[in-house]
Amino acid sequence: MMEELDQVVTRMVFENYGVEKYHDDHIQSIVHTYRFNQYKEFDKTGIDEGLPAHTDKTFSTILYQNHVKALEIYSKDNEWIGVEPLPSSFIFLAGDGFQCWS
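Going by this note's numbering, the letters in the sequence shown line up with residues 291 to 392, in that order.
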């Protein structure tokens, strides 16, 4: 399901940029990696950071927050902005590869 979701969103991006003819070659050239991370709630562990600040080295990342309010995005104004988890929703993040490509 995650791979299919990634392909659908990626196709939409390619179509938006007018390069949909390259989509199938792109999909065939990538390897999907699945990583599942689970972090304990902050108030139970005292840990204030699940992962250090980073960018995703991939083309895209799909994230399900599972009602956990932990994701923050670093803005162009050098501020951390919290992302509210929405029930039954996924977040599509443009990774470094996408940033270079676009």
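A virtual CB, placed ideally from N, CA and C, is assigned to each residue, including glycine.
Give the secondary structure of residue i by DSSP, where H, G and I count as helix, E and B as strand, and everything else as coil.
i, result
"T300", "helix"
"I320", "coil"
"F388", "helix"
"E362", "strand"
"L353", "strand"
According to the Cβ coordinates, are residue i and residue j closer than 8 Å?
i, j, result
"S350", "F380", "no"
"D315", "D346", "no"
"E362", "I352", "no"
"E294", "R301", "no"
Do you know offhand how far residue i's Cα is from residue j's?
i, j, result
"H344", "E369", "14 Å"
"N306", "H313", "12 Å"
"V321", "K366", "30 Å"
"Q355", "E374", "9 Å"
"M292", "G308", "24 Å"
"F304", "W391", "11 Å"
"V299", "V358", "23 Å"
"A384", "Y364", "13 Å"
Looking only at its own chain, which residues have a Cβ that is under 7 Å from the Cβ of residue i, when we skip the five neighbours before and after it?
i, result
"Q297", "I317"
"F382", "V299, S350, I352"
Can we count residue i as close to the ligand ADP, meaning its CB is less than 7 Å from some heavy atom?
i, result
"T348", "Of ligands this structure carries none, so the ligand ADP is not represented either."
By DSSP's criteria, residue i is part of a beta bridge. Which residues make up the other side?
i, result
"L383", "T351"
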